[in-house]
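Novice: Please see the structure below; I have some questions.
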Amino acid sequence: MIELLSSFSWTDLLQPQWYIENGGLWLLLFVVFAETGLFAGFFLPGDTLLFIAGIYAHKIGEGVTAEPGLTYQFLKLFNLGHIQNEWVDLIVLWALISFCGIIGNMVGYWTGRKVGPAMYHWKENFFFKRRYLEQAHDFYEKHGGGAIIVARFLPFIRTFAPIIAGIVGMNRAKFTFYNVVGCIAWVFSMLFAGHFLQKWLMSAFQFDLKQHLEYIVLGIVVVTTAPVILKLMSGKKKAKEKEAAAAAKKALDATAEGTE
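Numbering (full-length UniProt numbering), first residue to last: 1 to 260.
Right under this line is the structure:
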């Protein structure tokens with residue numbers, strides 16, 4: 001522990017493999033919970049951490065020096081450490097991470113529920129307007145389910161989505177359902193993608209993703225942020241088209257009035 005603290009750097013918190021190497025399964029589960037359950041968890045490497053967890057789910061290392069993977073730390077608590085099965089390890093890890101993610105979102109939601117009513121009485125300023133809450137409420141009423149699911153796949157946004165859902169009073173049953181669906185889908189996609197992509201690349205090309213983590217980080221950042229950027233760009237384009245159409249209509253109306 002002393003050696004770990006002496007060599008610790010704040011930049012380590014941005015390195016997904018650091019959590020696996022120094023905290024194993026338990027730190028992994030805490031990070032997944034904290035990313036949405038704790039307001040300050042937005043900087044944690046959720047996607048890349050799950051991807052790498054998939055690589056280490058069944059075993060850590062290669063060949064005769066390989067050790068049991070992350071799931072072993074849980075199974076041995078119930079004297080099931082002798083079960084060394086790839087699919088069992090993946091499914092158990094999937095269930096554990098999903099559970100922590102679901103609970104984290106619920107804590108974020110309940111935090112928002114507690115804070116929300118008071119916010120409607122806050123004094124308005126440059127950063128806060130009550131209409132923002134009303135707009136957010138209308139958005140979640142219309143797109144709430146999809147927003148909760150999609151937010152799971154978007155860094156930073158997934159930290160605040162459940163809190164905002166609680167603040168604007170999104171229906172509890174609706175939030176719970178989409179929270180469960182979104183979390184299970186998110187964990188499955190990242191965990192299984194990491195495990196089987198690593199397995200395929202090693203088998204076909206002898207390419208070890210663990211030795212090229214920068215590709216993992218870059219790839220996941222591109223995949224998770226590109227849709228948001230494209231959506232924002234298309235939204236601005238549509239807004240400009242609407243403004244142009246409105247200006248053209250106004251000009252035509254003015255011309256029509258002038259000819260009468």
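Built from N, CA and C at the ideal position, the CB exists for glycine as well.
Beta-carbon within less than 7 Å of I157's beta-carbon, same chain only, minus the 5 sequence neighbours each way: which residues are those?
Specialist: What you label residue 157 is simply residue 157 of the sequence shown in a count that begins at 1. Around I157: A151.
Novice: Less than 8 Å between the beta carbons of I184 and S98, yes or no?
Specialist: Within the sequence shown, residue 184 is the residue found at index 184, counting from 1. Within the sequence shown, residue 98 is the residue found at index 98, counting from 1. Result yes, Cβ atoms of I184 and S98 sit closer than 8 Å.
Novice: Measuring alpha carbon to alpha carbon, tell me which residue in K76, V187, A66 and L90 is nearest A57.
Specialist: The count along the sequence shown starts at 1 and reaches residue 57 at position 57. Measuring from the Cα of A57, the nearest candidate turns out to be L90.
Novice: In chain order, what residues of the same chain lie with their CB nearer than 7 Å to the CB of V115, ignoring the 5 residues before and after it?
Specialist: Within the sequence shown, residue 115 is the residue found at index 115, counting from 1. Cβ neighbours of V115 beyond the five flanking positions: I167.
Novice: So, with DSSP's three-state summary, where would you put E134?
Specialist: Counted from its first residue, the sequence shown places residue 134 at position 134. It is helical.
Novice: Please determine, among V181, E141, E134 and H195, the residue with the shortest C-alpha to C-alpha distance to M170.
Specialist: To locate residue 170, count along the sequence shown from 1; it is residue 170. Of the listed residues, the one whose Cα sits closest to M170 is E141.
Novice: Quick one: measure Cβ to Cβ for T159 and E35, integer angstroms, because I've assumed they're closer than 8 Å.
Specialist: The sequence position of residue 159 within the sequence shown is 159, counting from 1. The sequence position of residue 35 within the sequence shown is 35, counting from 1. Indeed they touch by this definition, with Cβ atoms about 6 Å apart.
Novice: Using the rule of at least 16 other Cβ atoms within 10 Å of the residue's Cβ for burial, across every protein chain shown, is H82 buried or exposed?
Specialist: By one-based count along the sequence shown, residue 82 stands at place 82. With fewer than 16 other beta carbons inside 10 angstroms of its own, H82 counts as exposed.
Novice: Check whether the Cβ atoms of G103 and F33 lie closer than 8 Å to each other.
Specialist: Working through the sequence shown from its first residue, we reach residue 103 at position 103. Working through the sequence shown from its first residue, we reach residue 33 at position 33. The sequence as given places Ile at residue 103; Gly does not occur at that position. Yes. Within cutoff.
Novice: Starting from the C-beta of F51, find all residues in its chain whose C-beta is less than 8 Å away, skip the five residues before and the five after it, and write them out in chain order.
Specialist: The residue given as residue 51 occupies position 51 in the sequence shown. P16, M190, L191, A193, G194, I216 and I220, listed in sequence order.
Novice: Count the other C-beta atoms from every protein chain shown that fall within 10 angstroms of the C-beta of L93, then say buried if there are 16 or more, exposed otherwise.
Specialist: By one-based count along the sequence shown, residue 93 stands at place 93. Here L93 is buried: its Cβ has 16 or more other Cβ atoms, across all protein chains shown, within 10 Å.
Novice: Just the C-alpha distance for L218 and F139, rounded to the nearest angstrom, thanks.
Specialist: Sequence index remark: in the sequence shown, residue 218 carries index 218 (1-based). Sequence index remark: in the sequence shown, residue 139 carries index 139 (1-based). Distance between the alpha carbons of L218 and F139: 31 Å.
Novice: Output needed for V180: all residues of its chain with C-beta closer than 7 Å, excluding positions within five of it in sequence on either side, in chain order.
Specialist: Position 180 of the sequence shown, counted from the start, is the residue given in the question as residue 180. Answer for V180: I102, listed in chain order.
Novice: Output the distance between the C-alpha atoms of K76 and Q198, rounded to the nearest integer angstrom.
Specialist: Walking along the sequence shown from the start, residue 76 turns up at place 76. Walking along the sequence shown from the start, residue 198 turns up at place 198. For K76 and Q198, the gap between their C-alpha atoms comes out near 25 Å.
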